[in-house]
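This report refers to the structure that appears directly beneath it.
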Amino acid sequence: MAGSLRIQTLGMFRVWLNDSLLPDLIWKREKAQRLFQFLITVRLNDNHQVLPKERIVAELWPTLDEERADRDFKVALNALNDALEPDRSSRSLSSFIIRHRLSYGLDPEADIHIDASEFRQVLKTASRLEHDDVDAAIDVYRKAIDLYAGDYLPDALYEDWASLERERLQTLYLSGAMRLAALLLSREGYQESIHLCQSVLAIDRYWEEAYRLMMIGHVKRGNRPLALRVYEQCRRELEEGLDLAPMRETTDLYHLILQGEPLPP
Numbered sequence: 004m005a006g007s008l009r010i011q012t013l014g015m016f017r018v019w020l021n022d023s024l025l026p027d028l029i030w031k032r033e034k035a036q037r038l039f040q041f042l043i044t045v046r047l048n049d050n051h052q053v054l055p056k057e058r059i060v061a062e063l064w065p066t067l068d069e070e071r072a073d074r075d076f077k078v079a080l081n082a083l084n085d086a087l088e089p090d091r092s093s094r095s096l097s098s099f100i101i102r103h104r105l106s107y108g109l110d111p112e113a114d115i116h117i118d119a120s121e122f123r124q125v126l127k128t129a130s131r132l133e134h135d136d137v138d139a140a141i142d143v144y145r146k147a148i149d150l151y152a153g154d155y156l157p158d159a160l161y162e163d164w165a166s167l168e169r170e171r172l173q174t175l176y177l178s179g180a181m182r183l184a185a186l187l188l189s190r191e192g193y194q195e196s197i198h199l200c201q202s203v204l205a206i207d208r209y210w211e212e213a214y215r216l217m218m219i220g221h222v223k224r225g226n227r228p229l230a231l232r233v234y235e236q237c238r239r240e241l242e243e244g245l246d247l248a249p250m251r252e253t254t255d256l257y258h259l260i261l262q263g264e265p266l267p268p
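Quick note on numbering: this note's numbering labels position 238 of the sequence shown as 241, and the sequence is numbered without any gaps.
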């Protein structure tokens, strides 16, 4: 009987089979885990995609000759199937991995839940809600931010295919956090907004919008001197790290705060 998989890719890599966490020892071969992670990454970008074996081998065994790479692929695939379905007979088809001729992928009909996929979908829902129900959008953005437990597949740090997905998901997180921070300011959630901005800057200290929202948040909380210090931090980071000056939008906000003028709505 086909089971279900729940996969955590953000912050760390963990897999639950039928709600039971698979122990690390289940991955008898590192390449079996890498093969699974690669197929997960493919799935995130196209739910129905299968890739030719040659493409998979080129990504995971780029330095091996064709015969050795083909052998290692078969060994890794067999080890992966054993890890996901330890009770499956050797002649049975996998419940989770499909083969179409010489192409492979995760079965789109299988019960597979991936946290990164849910994160993307929740962000899309939040964005749609912004125009009709700001308070509902705030709640959904909060859910998305909570789902982002950290970088995508941090144990595959030097794999190019994982790095590309890691950057995409991180950018989505940073942009979503900024949208939430802006909406919170409109609902007087100043402290939460400031905290979000600090979280964004801990990842990307050049994200200038985060400095501006922090400045506004501090002014709204009655702390104009702290808002001015945030601007100085922004100016220093950009100058020392990128040899750039703050954007005009940022300097205009700084001068409004410096002169005690009302902030734009």
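Beta carbons: idealized from backbone N, C-alpha and C, even for Gly. Please read all numbers here as calculations on a predicted model, not as lab measurements.
Cut-off 6 Å between Cβ atoms - residues of its own chain near residue i, not counting five sequence neighbours on either side
i: H221; result: L229, A230
i: R169; result: D154, Y155
i: I29; result: A86
i: W19; result: R9
i: W64; result: A72, D75
i: Y280; result: Outside the displayed span of the chain (4 to 268) sits residue 280, for which this structure offers no information.
Reference residue i, options the options, closest by Cα
i: R71; options: N84, E57, T12; result: E57
i: N48; options: A119, W64, N21; result: A119
i: V104; options: V53, A86, P89, E62; result: Per the sequence shown, residue 104 should be read as Arg rather than Val. Comparing Cα-Cα distances from R104 to each of V53, A86, P89, E62, the minimum goes to V53.
i: N21; options: I115, A152, Y107; result: I115
i: Y151; options: L132, H134, E133, E121; result: E121
i: G108; options: E69, K77, Y234, P55; result: P55
Supposed close pair residue i, residue j - CB separation, criterion 8 Å
i: D110; j: I117; result: In fact, because the Cβ distance is near 13 Å, the residues do not count as touching under 8 Å.
i: S196; j: L187; result: 4 Å
i: Y193; j: K223; result: 5 Å
i: M217; j: L256; result: The Cβ separation is near 11 Å, so there is no contact.
i: A173; j: I206; result: One point to set straight first is that residue 173 is Gln, not Ala, in the sequence displayed. Right, their Cβ atoms sit about 7 Å apart.
i: L175; j: L126; result: 6 Å
Residue range of the alpha helix (DSSP H) that includes residue i
i: W19; result: Run containing W19: none in the alpha helix (DSSP H); it sits in the beta strand (DSSP E), 17 to 20.
i: R74; result: 69 to 87
i: Y151; result: Premise fails: Y151 is in no alpha helix (DSSP H) and is neither H nor E.
i: Y257; result: 251 to 261
i: L126; result: 118 to 132
i: I219; result: 211 to 223
Cutoff 8 Å; reference residue i; Cβ partners in own chain excluding five residues on either side
i: R17; result: I10, Q11, L24, L25
i: R208; result: E240, G244
i: P265; result: L259
Limits of the unbroken beta strand (DSSP E) element including residue i
i: G179; result: It is not in any beta strand (DSSP E) - G179 instead sits in the alpha helix (DSSP H) that spans 163 to 189.
i: G108; result: 106 to 109
7 Å CB neighbourhood of residue i in its chain, flanking five on each side removed
i: F39; result: L83
i: E88; result: S97, S98
i: A180; result: I148, L199, S202, V203
i: H51; result: P111
i: M4; result: Since pLDDT at M4 reaches only 49, below the 50 mark, its modelled position is unreliable, and the value read off the structure follows with that caveat. Excluding residues within five positions, none has a Cβ falling inside 7 Å.
i: L247; result: L241
i: V45; result: Q52, L54, G108
i: F41; result: I59, E62, L63, W164
Touching by the beta-carbon criterion (3+ pairs, under 8 Å), the segment 160 to 180 and the segment 132 to 142: no
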